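Read in order, the letters of the sequence shown correspond to residues 1 to 227 in full-length UniProt numbering. We put the beta carbon where it would ideally sit given N, CA and C, even for glycine. Fair warning: this is a prediction, and the values are worked out from it, not measured in the lab. Worksheet: the structure to be examined is printed underneath.
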Amino acid sequence: MTHILVIDDDRQLLRALRIALTARDYAVTLAQDGTTGLAAAQRTPPDLTIVDLGLPDMDGVAVVQALRGWATAPIIVLSARHTEQAKIDALDAGADDYVTKPFGVGELLARIRAALRRATPTEQAPVIATAAFTVDLGTKRVTLADGTEARLTPTEWHLLEILVRNPDRLITQKYLLQEIWGPRYERETNYLRVHMGNLRRKLEPDPSQPRYLRTDPGLGYRFMPDE
């Protein structure tokens, strides 16, 4: 059974989410503050975490950062903060998706399903090797040239997977946004900038001058394998 951890101080919302999630056969753990939520995550690592930003004891961004220190499971931020900077901060901290309040339960459930699909391994898939890193699409592992494993979030992995499966091809911003976040987010190019920046910092020998994960300004991105 898929385990979902919900960290939010709104008791009414917690009750509603527990009813909606358990009705769809998810195992649910609830926490009303960041400290309790992080402790619960360490005791029983969830398959997905939903985090509010306005928690009583700490900012939700700090919770996301703490989770990302040891876990790669998807994180969905659920917040009343609507500004672009709030979204950037959460995504840059390691969140995979951002849903603003008020929200529809149906949309949230769809985003949960999408995040869990992205976190599911693909079997019998090829290995793409470069001088800087190797991508194993079957095991969802990325190994750097020095033999260490790069720790990617599910969204970073999904973005990388699309690119490496289409070497030398321009993948448009609109396609990536629709494929990863859904059609309503085809204009949220800041999502791509944040996650691509994180990928480059983790994989590129020189992130400021990317060799493999290239930008076509105003159009999209492409993976350029070794010649």
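Three-state secondary structure assigned by DSSP to residue 228: One cannot answer for residue 228 here, as it falls past the ends of the chain, which runs 1 to 227.
E149 burial status per 10 Å Cβ neighbour count (16 or more: buried): Within the sequence shown, the letter at position 149 stands for residue 149. When all chains shown are included, E149 counts as exposed.
Cβ distance (whole Å) where R169 is taken to contact R222 below 8 Å: By one-based count along the sequence shown, residue 169 stands at place 169. By one-based count along the sequence shown, residue 222 stands at place 222. Contact holds; Cβ gap of about 6 Å.
Nearest-angstrom Cα separation, counted from L109 out to D57: Stepping through the sequence shown from its first residue, residue 57 is reached at position 57. Stepping through the sequence shown from its first residue, residue 109 is reached at position 109. Their Cα atoms are separated by approximately 27 Å.
N-terminal and C-terminal residue of the alpha helix (DSSP H) that R82 is part of: For the purposes of this step, residue 82 is identified with residue 82 of the sequence shown, where counting begins at 1. A quick correction: the sequence has His, not Arg, at residue 82. Looking at the DSSP string, H82 is not in any alpha helix (DSSP H), and its letter there is neither H nor E.
DSSP-derived helix/strand/coil call for T172: As a first step, residue 172 is located in the sequence shown; it is residue number 172 there, counting from the start. Three-state result, T172: strand.
Own chain, CB closer than 6 Å to D89, minus 5 neighbours either side, in chain order: Sequence index remark: in the sequence shown, residue 89 carries index 89 (1-based). Result list for D89: V61, in chain order.
Unbroken alpha helix (DSSP H) run spanning G220, endpoints: Within the sequence shown, residue 220 is the residue found at index 220, counting from 1. Element bounds for G220: not the alpha helix (DSSP H) but the beta strand (DSSP E), 220 to 223.
beta-carbon S79 near the ligand GTP non-hydrogen atom, thresh 8 Å: Ligands in the displayed structure: none, and consequently the ligand GTP is not present.
DSSP beta-bridge partners of Y98: Counting from 1 along the sequence shown, the entry for residue 98 is found at position 98. BP columns for Y98 point to V77.
Buried versus exposed, by CB contacts within 10 Å (16 or more), E107: Counted from its first residue, the sequence shown places residue 107 at position 107. When all chains shown are included, E107 counts as exposed.
Euclidean distance between Cα positions of A23 and A16: Here residue 23 is taken as the residue at index 23 of the sequence shown, counted from 1. Here residue 16 is taken as the residue at index 16 of the sequence shown, counted from 1. Their backbone Cα atoms lie some 11 Å apart in a straight line.
CB contact flag (V105, I50, <9 Å): One-based indexing of the sequence shown puts residue 105 at position 105. One-based indexing of the sequence shown puts residue 50 at position 50. The answer is no: Cβ separation not under 9 Å.
Pairwise C-alpha distance: K87 and A20: Indexing the sequence shown from 1 puts residue 20 at position 20. Indexing the sequence shown from 1 puts residue 87 at position 87. Each residue's alpha carbon lies about 25 Å from the other.
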